[in-house]
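At position 293 of the sequence shown the residue is numbered 297 (the numbering used here), and the sequence of numbers has no breaks.
Note that the Cβ used here is the ideal one computed from N, Cα and C, for glycine as well.
All figures in this text were calculated on a predicted structure; none of them were measured in a lab.
Encoded as structure tokens, the structure appears first; notes follow it.
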Amino acid sequence: MSPLRRLVFDRRSLHAVAAGCVALAAGGVVLLRAPTPGVTAPVAVTAAPPSRDGLSRAPRRTVTGPQLTARVALSQGSVDRRAPGHVFAVVDLDADRRADEARRAPIALALVVDVSGSMAGEKIVQARRAVLDTLSAMRDDDRVALVTYSDSASVVQPLARVGAVRSRLESVVPTLETISGTNIPAGLEAGAAALGDGSDDLVRRVVLVSDGRDGSGQSLDRVASGVRLRADRGVTLSSLGVGADYDDAYMSRVADAGRGNYEFLRDGMQLRAFLGRELDAAERTNVDRASLDLDLPDGWRLHRAYGVEPESRGAHLRLPIGAMSAGEHRRVVLDLVVDPSRGPDAASAGALGMSLAWRAVPDRRDVRLSVQALPLAVVDDPAAALASRDAAVFADAQSVALAARQQDAVEAWRSGRGAEAESIARSNVVALQALQAAAPSPARAAQIARYDSDGTNFNQMSAASAEGRAYGLGSNALHRRAMRSGAGY
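Next up, the structure:
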């Protein structure tokens with residue numbers, strides 16, 4: 005058995021791993037948006053039963069509304085009075101698995117395709133085929149727009165009903181040719197403008213395809229801000245990087261801002277499958293413009309968020325989620341620092357309040373509901389605080405934090421710091437093994453296997469090789485998905 009597979013587990017080792025995970029994880033995947041005003045909906049609420057042994061139990065809540073169920077939990081029920089400590093809040097969101105064809109909302113899809121010089125040859129051929137296949141799969145009452153970009157953007161097809169323009173596009177798309185230059189912001193702006201503000205009864209999505217690096221000169225912060233504002237109005241953006249020479253930091257950042265998907269494809273032949281998945285996700289959208297609002301009690305502050313970009317206004321946090329298709333699962337993890345000395349009384353550190361807002365797409369209605377506050381007690385005995393920990397919730401939170409840390413390992417390796425990358429991967433495996441011992445899960449077992457594999461590849465593969473570049477790009481896309489879904493690999 006290798007050293008990575010040996011770990012004696014007890015409460016003290018878990019506590020040490022917890023501290024290590026908190027120290028290791030820095031930075032996060034981020035998004036931003038405001039909640040949708042709406043009406044209160046009927047909601048089912050369940051809470052964890054009181055502890056029989058008198059100890060504070062980690063609080064849990066489940067709320068259910070039209071098309072969406074949310075489960076909220078704190079990692080522990082109490083904190084040690086002597087010093088501020090980390091407490092994790094885990095929010096799991098599940099869209100209704102049923103995709104009601106009879107109540108399906110029409111799609112407004114804008115395809116924004118790179119036609120710069122680097123797309124010449126097989127890539128542009130595959131891009132044409134992918135667009136035609138997507139068009140063929142769309143329904144007559146859906147809307148489609150097609151934008152190409154090189155050094156500037158061109159609207160090949162303004163937004164129109166598919167049934168009215170299908171024949172024209174089947175003739176035009178095969179004539180698309182490559183030109184010099186890569187101005188991604190121009191393409192994004194043209195694609196979003198083609199969709200407009202639209203109707204709430206349309207599911208609006210932009211899909212960006214690029215194989216290169218932006219040459220517009222605009223800052224990524226500015227571009228992401230524009231994408232984020234459009235996402236606030238219900239326009240989801242997904243991005244796709246083709247080949248091993250595009251800027252994955254750029255493409256993943258705009259996808260985060262647009263609350264959509266990000267994927268790496270080795271070549272253009274995989275493009276049709278990606279566009280097919282995007283179309284399917286749009287068709288099966290049950291939830292749109294979802295967001296969480298939290299009110300932090302006195303003495304609580306956000307240390308880091310995973311899976312979302314929080315908008316902070318004093319003690320109020322807004323966490324945008326965006327659209328969710330039928331059966332989709334999303335996880336948000338908040339690392340909170342709690343100072344028990346600032347609680348409302350000697351026995352309480354306060355309670356975390358939360359509300360959710362979203363549009364139930366098949367029902368064509370806006371929904372808003374509140375979650376019963378999650379209380380946190382104050383105790384004098386650190387062992388009692390540790391005993392109040394929910395091992396499964398804590399392990400789930402740390403698994404997501406370690407997915408972010410594994411991205412750091414990939415970046416270290418890609419930057420030529422192989423020994424550092426291997427060290428991070430090894431420490432992540434050790435931490436995950438402790439978590440797995442406390443709360444076994446198939447997802448965590450897969451995560452351990454993946455990080456073991458990463459460590460081997462960091463040692464044996466050159467990051468500068470074609471194989472290494474592809475591995476790095478694919479790994480970053482994989483770890484991003486893991487953080488959004490709860491570290492599922």
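- Here Asn463 is exposed, its C-beta having fewer than 16 other C-beta atoms within 10 Å.
- Contact check for Ser345 and Ser359: beta-carbon distance about 28 Å, past the 8 Å limit, so the pair fails to qualify.
- Three or more beta-carbon pairs separated by less than 8 Å link the region 152-162 to the region 188-200, which places the two stretches in contact.
- Proximity to Tyr455 across Gly420, Pro444 and Asp412 peaks at Asp412, based on C-alpha coordinates.
- The three-state secondary structure of Met123, taken from DSSP, is helix.
- Only buried fits Asp370, as 16 or more other CB atoms lie within 10 angstroms of its CB.
- The residue among His483, Ala327, Arg102 and Asp118 with its C-alpha nearest the C-alpha of Glu415 is His483.
- Cβ atoms of Arg335 and Val404 come within 8 Å of each other, at about 7 Å.
- Distance from the CA atom of Ser140 to the CA atom of Ala481, rounded to whole angstroms, is 28 Å.
- Per DSSP, Glu181 has no beta-bridge partner at all.
- In this structure, Ala429 lies away from Gln451, with their beta-carbon atoms at least 8 Å apart.
- Scanning the region 81-140 for uninterrupted beta strand (DSSP E) segments of 3 residues or longer gives 82-84, 89-99 and 111-118, listed from N- to C-terminal end.
- Under the DSSP assignment, Tyr475 falls in the alpha helix (DSSP H) whose first and last residues are Ala470 to Ser489.
- DSSP places Asn463 within a helical segment (H, G or I) once states are collapsed to three.
- Under the three-state reduction of DSSP, Arg454 is assigned to helix.
- The straight-line gap separating the alpha-carbon atoms of Ala381 and Ala261 is approximately 36 Å.
- Just measuring C-alpha positions, the residue of Val135, Ala103, Leu477 and Arg372 sitting nearest Val67 is Arg372.
- Listed in chain order, the non-local C-beta contacts of Ala124 below 8 Å within the same chain comprise Thr182, local neighbours out to five positions each way being set aside.
- One alpha carbon belongs to Val177, the other to Arg132, and they sit about 6 Å apart.
- Inside the region 310-397, DSSP marks whole alpha helix (DSSP H) runs of 4 or more residues at positions 386-391, from first to last along the chain.
- Between Ala364 and Pro88, the C-beta gap is not smaller than 8 Å, which leaves the two residues out of contact.
- Within the region 262-291, the beta strand (DSSP E) runs of at least 3 residues that lie entirely inside it are, in chain order, 263-269.
- Ranking Phe398, Asp145, Gly420 and Arg281 by CA distance to the CA of Arg165 puts Asp145 first.
- DSSP places Pro162 in the strand class (E or B) of the three-state scheme.
- The Cβ-Cβ distance between Leu206 and Ala109 falls below 8 Å.
- Three or more beta-carbon pairs separated by less than 8 Å are not found between the region 226-241 and the region 298-306, which leaves the two stretches without contact.
- Between Leu338 and Ala93 the beta-carbon gap is near 4 Å, inside 8 Å, which marks them as a contact.
- Around the C-beta of Arg418, 16 or more other C-beta atoms lie within 10 Å, and the residue is accordingly described as buried.
- Cβ atoms of Leu199 and Leu163 come within 8 Å of each other, at about 6 Å.
- Asp394 counts as buried, since no fewer than 16 other beta carbons sit within 10 angstroms of its beta carbon.
- Of the residues assessed, Pro63 falls on the buried side of the cut-off, its CB having 16 or more other CB atoms within 10 angstroms.
- Taking Ser479 as reference, the option from Ala277, Gly221 and Ala248 with the minimal CA-CA separation is Ala248.
- For Arg147, the number of other beta carbons within 10 angstroms of its own is at least 16, and it is reported as buried.
- Here DSSP, grouped into helix, strand and coil, assigns Tyr254 to helix.
- In this structure, the beta-carbon distance from Ala327 to Arg263 falls below 8 Å.
- Arg430 carries a helical assignment under DSSP once its states are collapsed to helix, strand and coil.
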